[in-house]
Amino acid sequence: MDNYPSILLGNAVDQFASLPGVGRKTALRLVLHLLRQPQDKVNTFAKALTDLKANVHYCRICHNISDQEVCSICSSHHRDRQTICVVENIQDVMSIENTGQYNGLYHVLGGIISPIDGVGPKDIEIDSLVERILPENIKEVILALPTTMEGDTTNFYIYRRLNAFIQADQPLRVSQIARGVAVGNDLEYTDEITLGRSIINRTEFRV
Numbered sequence: 008m009d010n011y012p013s014i015l016l017g018n019a020v021d022q023f024a025s026l027p028g029v030g031r032k033t034a035l036r037l038v039l040h041l042l043r044q045p046q047d048k049v050n051t052f053a054k055a056l057t058d059l060k061a062n063v064h065y066c067r068i069c070h071n072i073s074d075q076e077v078c079s080i081c082s083s084h085h086r087d088r089q090t091i092c093v094v095e096n097i098q099d100v101m102s103i104e105n106t107g108q109y110n111g112l113y114h115v116l117g118g119i120i121s122p123i124d125g126v127g128p129k130d131i132e133i134d135s136l137v138e139r140i141l142p143e144n145i146k147e148v149i150l151a152l153p154t155t156m157e158g159d160t161t162n163f164y165i166y167r168r169l170n171a172f173i174q175a176d177q178p179l180r181v182s183q184i185a186r187g188v189a190v191g192n193d194l195e196y197t198d199e200i201t202l203g204r205s206i207i208n209r210t211e212f213r214v
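Residue numbers (my numbering): 8 to 214.
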C-alpha cells in the first residue's frame, strides 16, 4: 500500500491512476508536477476538464464529438455527402482525418459487437446508421472497423442490415478498407500513410 505524506496527495494520485494506461508511479509524477505549478495554471487545467464534461456534445447525426449539436464535418458543404465511413470510435475519425485521403462523412458506432464483453447490436449505433441511408441519399458505406473477429462480426451484421438498400434498383455500395491495415490492429495505431492507402484502395465488401 502506498504511503503518502498527505491524504489530499493520495486522493489526487488515485484519480490520475484511474485513467487508462496511467500507473500509480506516473500518476504521482503528474500530481507532483501540478503541485509545482502556479495556482492559475492549475485552475486553467481543472477548468478545461470540467468544461469538457459539461459542454462537449456528441453530434446528433454521426455521434462524433462536437462543440455544437451537429459537428463541423456533418455541417460542411465541402464534404462528399453521399459517402459514409463507419468507424468504431472517435479516435478513428481523427486518425482518418489526419491522412487527408478521405472527404466524406462518418458514422461512429461507439463500439463493436462483442458477445464476450456483453456488447450486442443494440448497444452500438447501428440503427441510426441504417436510418441515415435514404434521407441523406447515401451511395456508399465504407466499413473501417478493426481487423479483428469482433470487427468482422460487426461488418457482417451491418452488411445484413443494409441488404435491402444493396438490392435496390440503384444499389448502395458497401466497401471495406483494404487489408493494408495489419490483422488485429486498431486504426488509431496504424500509420497515416498505410491508413490513407487502405481507404483509397478500399474493396467491395464480400460475405
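A virtual CB, placed ideally from N, CA and C, is assigned to each residue, including glycine.
As the structure is a computational prediction, the values presented were derived from the model and not from experiment.
| Query | Result |
| --- | --- |
| Please classify Gln174 as buried or exposed, where buried requires at least 16 neighbouring CB atoms within 10 angstroms. | exposed |
| Looking at the structure shown, is Tyr65 part of a helix, part of a strand, or coil, going by DSSP? | strand |
| Which term fits Val100, buried or exposed, when burial requires 16 or more other beta carbons within 10 angstroms of its beta carbon? | buried |
| Leu56: beta carbon under 6 Å from a heavy atom of the ligand SAH? | The ligand SAH is absent from the structure shown, which contains no ligands of any kind. |
| Whether or not the segment 143 to 157 and the segment 90 to 107 are in contact is what I'm after, with contact meaning three or more pairs of Cβ atoms, one per stretch, closer than 8 Å; do they touch? | yes |
| Starting from Ser182 and walking both ways along the beta strand (DSSP E), at which residues does that stretch end? | Arg180 to Gln183 |
| For Leu15, count the other beta carbons within 10 Å of its own beta carbon; 16 or more makes it buried, fewer makes it exposed. Which is it? | exposed |
| Run through the DSSP bridge pairs and tell me what Asp87 is partnered with. | Gly111 |
| Is it right to say Leu202 is buried, meaning 16 or more other beta carbons lie within 10 angstroms of its own, or is it exposed? | buried |
| Identify the continuous alpha helix (DSSP H) that holds Glu157 and give its terminal residues. | Met156 to Arg168 |
| Would you tell me roughly how many angstroms separate the C-alpha atoms of His114 and Cys78, rounded to the nearest one? | 12 Å |
| Put Ser102 into one of helix, strand or coil per three-state DSSP. | helix |
| Along the chain, where does the beta strand (DSSP E) that runs through Leu150 open and close? | Glu147 to Leu150 |
| Identify every residue that forms a DSSP beta bridge with Val93. | His114 and Leu150 |
| Alpha carbon to alpha carbon, how far is Asn105 from Arg43? Give it in angstroms, no decimals. | 35 Å |
| On the DSSP letters alone, give me the boundaries of the alpha helix (DSSP H) that Ile14 sits inside. | Ile14 to Ala24 |
| With DSSP as the reference, please indicate the residues paired to Val126 in a beta bridge. | Ser121 |
| Do the segment 111 to 126 and the segment 155 to 175 meet, that is, are 3 or more Cβ pairs less than 8 Å apart? | yes |
| Evaluate contact between the segment 70 to 90 and the segment 139 to 146, counting only Cβ atoms and requiring at least three cross-stretch pairs below 8 Å. | yes |
| Using CA coordinates, which residue listed in Asp74, Phe52, Val38 and Tyr65 is at the minimum distance from Arg13? | The sequence given here places Ser at residue 13; Arg does not occur at that position. Checked all of Asp74, Phe52, Val38 and Tyr65; the closest Cα to Ser13 is Val38. |
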